[in-house]
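A.B. asks: Below is a structure I'd like to ask you about.
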Amino acid sequence: MENILSTPELKTRIIDLEYKHFSPKALQNTSLNEAKDNFEKDFKKIYLEETGELLEGDLTLFHSSQSNNKNVNQSSYDGTALYIDNGKTEEVYIISQGTQDSHDWEYNIKAMFAGQSSEQADATKEFVLETYNTFQISGEINTLGLSHSLAHNNNTTAHLAFDTFDEIFSVNGAQTNYYQLYHLDLDFQIKVNKEFPIFSDADIYDIPPQELHDFARDYYSDKEKNITQLISEDDPLYAVSGIRGFLTLGSVQYINTNPTLPGLREIVDDIPDDIIVSFQKMAIDYAIAAEQGGMNAGIEKLLGVNPSLFEDKSSGMDYFQWYITSPSEVDTVIRDLNDNVPILNEKIKIITDNSELIFGRLYEAGYITKKQQDTLITEFGNLQHELNEIQELIERNISVRDLNDAFATFGADSGTIIKIMQHGKNFTEIFKNIQDSNVLHNLEAITDSHSLIEMLSSINGNGSNKSYLGRDMVLTSSKGENIQINISAALRMYQQCFPLLGEKSTMINNLENAVIDEIQTAFNEEKQKVMSKINEMEASPGLYRDLLRKHIYFPRLNKTVRQINVHEAFLPLEQADLDEEISYMRQSVEKGKKHIETYRTSIEDLFEAEDHVSDMFKLIGRI
1 MENILSTPEL
11 KTRIIDLEYK
21 HFSPKALQNT
31 SLNEAKDNFE
41 KDFKKIYLEE
51 TGELLEGDLT
61 LFHSSQSNNK
71 NVNQSSYDGT
81 ALYIDNGKTE
91 EVYIISQGTQ
101 DSHDWEYNIK
111 AMFAGQSSEQ
121 ADATKEFVLE
131 TYNTFQISGE
141 INTLGLSHSL
151 AHNNNTTAHL
161 AFDTFDEIFS
171 VNGAQTNYYQ
181 LYHLDLDFQI
191 KVNKEFPIFS
201 DADIYDIPPQ
211 ELHDFARDYY
221 SDKEKNITQL
231 ISEDDPLYAV
241 SGIRGFLTLG
251 SVQYINTNPT
261 LPGLREIVDD
271 IPDDIIVSFQ
281 KMAIDYAIAA
291 EQGGMNAGIE
301 KLLGVNPSLF
311 EDKSSGMDYF
321 QWYITSPSEV
331 DTVIRDLNDN
341 VPILNEKIKI
351 ITDNSELIFG
361 RLYEAGYITK
371 KQQDTLITEF
381 GNLQHELNEI
391 QELIERNISV
401 RDLNDAFATF
411 GADSGTIIKI
421 MQHGKNFTEI
431 FKNIQDSNVL
441 HNLEAITDSH
451 SLIEMLSSIN
461 GNGSNKSYLG
471 RDMVLTSSKG
481 ENIQINISAA
491 LRMYQQCFPL
501 LGEKSTMINN
511 LENAVIDEIQ
521 TAFNEEKQKV
531 MSKINEMEAS
541 PGLYRDLLRK
551 HIYFPRLNKT
561 VRQINVHEAF
571 LPLEQADLDE
581 EISYMRQSVE
591 KGKKHIETYR
601 TSIEDLFEAE
611 DHVSDMFKLI
621 GRI
């Protein structure tokens, strides 16, 4: 049976829609309930555009921020579950989000590069189970994972290790990692240990990567049948997916989303494996330490110094006080830096030693200009020079400290601090020169190729007359000349204009009622008050003798008024007849409706019945 979300275009747009309404940034300014309402409306609009049909039945949402599961909350996993029941089919869709914040970037290093963590994959499994309980699902139900970027790693790893999903659809995904699976999937670990000489967990990294890759691919061959991927050949994640650890599974369609650029895959494939191993070992050291003690512990593993030492120091006086009051701690920090900076510097030196090759290839591929290439080579050379200077500075400081001469040590430390401050200024100048070269702006093309929008614009709809402009669907006319219509924008206008015209009509009715109530009725009420007073005066003239005394003097009170005759004349209201103006306003509403209907029919006339354009206009008002 066909899935409710049946096409790659529809699935891709729904993944993008989840980002739009449920990313951490989106939820900063919108309540979760409001975000759910907006998502549901937009979901039904997209479904209508893609299928020509209205989504009938139930659509229920559950967001990861509502989770009560400890693993989900602590892992920084973000995602949304959709339960859809259209009367014929029931399905659950899990839309896991890609990298959103610093926690996710840290996880990327630990999980995908080092293969040492799988907490978000485990959280994905837990979130799916909690979703079933929330939606009160007790039996079997088709569960599909939709993913982009990091989310593909989460969904696919959970699928391979725990059978979490029946199907997975991903766009520009971060591939799963066989080192990651080795630590997570016990059955896979047992099979690997039988196949290869493994005596400790660290030995897994000594297995020839291609052999382990092929073994993992064969082991998961049955499960990969349920994985479908769209991958841009220009996506940076595709560029790195060939290095050791990554495992690309499933039915993969590679799409050239940016024909003007050749992509980065060949450039990355040229990087020798020993360089990858070097950086991978550094990532593993960081990951293991960070897993036990957090990010600061990971940095301490690389630098030898925990950043928490400096969190309460913001001025030179703070550092001077620390230097005076904790000399042994300062000595330990400097010696630890001396032990670790050379190792880190050697890793960075790999980039600078290969800068001409790396940046030369970027220039040849058209990502940067010749001038930017020269700037990058120069500034990375300057960066290496500064790091070498700092390393030598620390080494000289240590040699003085080993003399155990307090006066000499104080002098050396003072000189070291002054020089390090100067190196800090030089670092700032280096990064400023790189920024001023606009190279980061040029490299935006790389990040664009990772986006869902660029992928969507490159999907041809299986040869149909459908294409995309940003998030909007565009249809090319199937009658007469080729005319492209932004059908998403047309439906938005049609849907929004009629309620606006309805509001305008209501306001006109309110104005008409106000004219009657506030002007004509008020005039008649005041006129009636005057007539009542006249009748009273004519009926009892004697009561108004005092009025006579104001005009005629008489010393005694023997005068009276025997008769009063009032000659009344009520002039009609002037400029109070708004019938003509109200009629004109009503006509403007009708003209607006007629204009919109003409716009609608003009669009409908461009398409055949099978394009469902007429159905879209009829149904959009029900959303």
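Under full-length UniProt numbering, the first residue of the sequence shown carries the number 1, and numbering increases by one thereafter. We put the CB at the ideal spot given by N, CA and C, even for glycine.
Do the region 599-609 and the region 523-541 touch if we need at least three Cβ pairs shorter than 8 Å?
C.D. replies: No: fewer than three Cβ pairs fall under 8 Å.
A.B. asks: So what's L606 in DSSP terms, helix, strand or just coil?
C.D. replies: coil
A.B. asks: I need the straight-line Cα distance from N509 to Q74, nearest angstrom please.
C.D. replies: 56 Å
A.B. asks: Are there 16 or more other CB atoms within 10 angstroms of the CB of N133, so buried, or fewer, so exposed?
C.D. replies: By the Cβ-count criterion, N133 is exposed, with fewer than 16 other Cβ atoms from all chains shown falling within 10 Å of its own Cβ.
A.B. asks: What are the start and end residues of the beta strand (DSSP E) that includes N397?
C.D. replies: No beta strand (DSSP E) holds N397; the alpha helix (DSSP H) holding it covers 370-401.
A.B. asks: Evaluate D436 with the Cβ neighbour count: other Cβ atoms within 10 Å of its Cβ, from every protein chain shown; 16 or more gives buried, anything less gives exposed.
C.D. replies: exposed
A.B. asks: Can you name the residues that DSSP bridges to F169?
C.D. replies: Beta-bridge pairing links F169 to L146, T228.
A.B. asks: Where DSSP assigns a beta bridge to K466, which residues make up the other side?
C.D. replies: L475
A.B. asks: Determine the burial state of I94: buried for a count of at least 16 other Cβ atoms within 10 Å of its Cβ, exposed for fewer.
C.D. replies: Looking at its Cβ environment, which holds 16 or more other Cβ atoms inside 10 Å, I94 is buried.
A.B. asks: What is the residue span of the beta strand (DSSP E) that N486 lies within?
C.D. replies: 484-486
A.B. asks: If we count Cβ pairs, one from each stretch, closer than 8 Å, do we get three or more for the region 262-272 versus the region 359-370?
C.D. replies: yes
A.B. asks: Based on the DSSP output, what are the partners of I255 in its beta bridges?
C.D. replies: Answer is S232.
A.B. asks: By DSSP, does N177 sit in helix, in strand, or in coil?
C.D. replies: When DSSP states are grouped into helix, strand and coil, N177 belongs to the strand group.
A.B. asks: To the nearest angstrom, report how far apart N354 and T447 are at their CA atoms.
C.D. replies: 23 Å
A.B. asks: E233 to P8, Cα distance in whole Å?
C.D. replies: Using only the alpha carbons, I get a separation of about 17 Å.
A.B. asks: How many Å lie between F162 and L237 at the Cα?
C.D. replies: 25 Å
A.B. asks: Please classify G79: does DSSP put it in a helix, a strand, or coil?
C.D. replies: G79 carries a strand assignment under DSSP once its states are collapsed to helix, strand and coil.
A.B. asks: Please name the residue in S64, R586, E50, T89 whose C-alpha comes closest to that of S140.
C.D. replies: Contrary to the premise, residue 140 reads as Glu rather than Ser in this sequence. Taking only the C-alpha atoms, the option nearest E140 is T89.
A.B. asks: Pull up the DSSP beta-bridge partners for E90, would you.
C.D. replies: D85
A.B. asks: Taking I358 as the reference, give the member of I267, T409, P272 with the closest Cα.
C.D. replies: I267
A.B. asks: So, at 6 Å on beta carbons, what are the nonlocal neighbours of R13 in its own chain, with the 5 sequence-adjacent residues on each side left out?
C.D. replies: I46
A.B. asks: For the candidate residues N153, D405, L55, E91, whose alpha-carbon lies nearest to that of T99?
C.D. replies: N153
A.B. asks: Report yes if the C-beta distance between Y179 and V192 is below 7 Å; otherwise report no.
C.D. replies: no
A.B. asks: With distances taken Cα to Cα, identify the nearest neighbour of N155 among D374, D187, Y77, L5.
C.D. replies: Y77
A.B. asks: In the structure shown, what three-state DSSP assignment does S505 receive?
C.D. replies: Here DSSP, grouped into helix, strand and coil, assigns S505 to helix.
A.B. asks: For the alpha helix (DSSP H) that T164 lies in, which residues bound it at each end?
C.D. replies: Looking at the DSSP string, T164 is not in any alpha helix (DSSP H), and its letter there is neither H nor E.
A.B. asks: Thinking C-beta only, is F113 closer than 7 Å to H63?
C.D. replies: no
A.B. asks: For T428, does the three-state DSSP call read helix, strand or coil?
C.D. replies: T428 carries a helical assignment under DSSP once its states are collapsed to helix, strand and coil.
A.B. asks: Is the distance from the Cβ of A216 to the Cβ of A158 below 7 Å?
C.D. replies: no
A.B. asks: Taking the alpha carbon of N404 as the reference point, which residue from E346, T378, S328, P572 has its own alpha carbon closest?
C.D. replies: S328
A.B. asks: Would you identify the three-state DSSP class for H450, choosing helix, strand or coil?
C.D. replies: Coil, per DSSP.
A.B. asks: Label F169 either buried or exposed according to how many other C-beta atoms from any shown protein chain fall within 10 Å of its C-beta, with 16 as the threshold for buried.
C.D. replies: buried
A.B. asks: Do G242 and D269 have their C-beta atoms closer together than 7 Å?
C.D. replies: yes
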